[in-house]
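Residue 251 is where the sequence shown ends in numbering that gives the first Met the number 0, and the numbering goes up by one at each step. All remarks here apply to the structure that follows.
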Amino acid sequence: MAKPAQHYEVIIAGGGIAGVTLVLMFEKLGISYFLLEGRDTLESDRSAGIGLQPNGLRILDQLGLVEDIEEATILLEKWFSYDSEGNLMNDFDAMGQYREKVYVRIGYPVAFIECRKLLSIMVRYIQRIECVRTSVRVASIKESDDHVTVITTDGLSLIADIVVGADGVRSATLVLPAPQSMACQRPPKASPRNLGQNVPLSQAPRYTKAEAEALCQSVAHIQVTPKLKFGEIYKNRVVAVKIGVEEGVAKG
């Protein structure tokens, strides 16, 4: 059967690090794709920093990105711990035995970089930029026996063999009904696994820039080191965002 017009092997929803990594992989493998990103740019400043572990750097190296990334990253060398008054409690070699046991064997360090800067590097390597569309999201997904039809928020209809959801926990791909025969099982564990109740994703908070600003100003007086307060760090920020963490925080 002939494939309909605008048929791609893969449609990717989301142009973050995961989505763009897939794009670069597909281009190397000769797989046709179309990527949809809701924001107006792939180089978004909605996220702060990210730590790159050796296993991730190994993949990025296979995509030809590591040299550019290493020029833009700060390697983790020393770790300092301070108390609530900004007094140094201890410091140690952050790499420790890792340097010999992992770095020498694998050949990649632990590095930190701004998400926007990492995406900027990755986007430069996209060859088929015409297969990337920003300012548009997935509106609906319809499955058939041999393909998937995606309708976008601007009315575009796309057909693919599969759809990849790389657009976060609110992905349109997550609202598809699961097969009735699916069974979910989680054996009991010794450590706590949840809050004792369900927390719907719709109740997860999303914060504005004004709320992030208010929070940072409220803790500007806190001493981070003997000579440095948080307010001075915030004043020299490149980007600052406020997010709801998925982990619990114990209060005394």
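A virtual CB, placed ideally from N, CA and C, is assigned to each residue, including glycine. Please read all numbers here as calculations on a predicted model, not as lab measurements.
Identify which residue in the options has its Cα closest to the Cα of residue i.
i	options	result
G264	T207, A12, S83 and V147	Since the first and last residues shown for the chain are 0 and 251, residue 264 lies out of range.
F229	I221, Q126 and R236	I221
R236	A211, I242, T224 and V244	A211
Q126	A239, I30 and I140	I30
T72	Y32, R115 and S83	R115
Y206	V244, E129 and L87	V244
S143	D39, I161, I232 and T133	I161
R123	L87, N89 and G63	G63
V223	I105, N86 and S46	N86
L227	Y97, L21, E84 and A203	E84
L28	A203, E231, H6 and Q61	Q61
Q202	P225, V168, Q216 and E231	V168
K77	D92, V65 and D67	D92
G14	L173, P204, I128 and V147	I128
S80	A239, P225 and I242	P225
Q5	V238, V147 and Y97	V147
So, helix, strand or coil for residue i, using DSSP?
i	result
M0	Because the pLDDT of M0 is 40, which lies under 50, any placement of that residue in the model is unreliable, and the number read from its coordinates should be weighed accordingly. M0: coil per DSSP, three-state reduction.
R104	helix
T207	coil
Y81	strand
V149	strand
M94	coil
Q126	coil
G37	coil
I68	helix
D144	coil
K228	strand
E76	coil
Q216	helix
I120	helix
G48	strand
A171	helix
Beta-carbon separation of residue i and residue j under 8 Å?
i	j	result
L34	M121	no
V9	A159	yes
V109	L75	yes
V101	P53	yes
D145	G37	no
T152	D39	no
Y233	A213	no
E69	L118	no
L157	Y32	no
Since residue i contacts residue j with CB under 8 Å, what's their CB separation in whole angstroms?
i	j	result
G48	I112	7 Å
V149	V137	6 Å
Taking only beta-carbon positions, decide if residue i is within less than 8 Å of chain B.
i	result
V149	The structure shown contains no chain B; it holds only a single protein chain.
> Going along the chain, which unbroken runs of the beta strand (DSSP E) with 3 or more residues stay wholly within the segment 1-32?
Replying inline: 6-12
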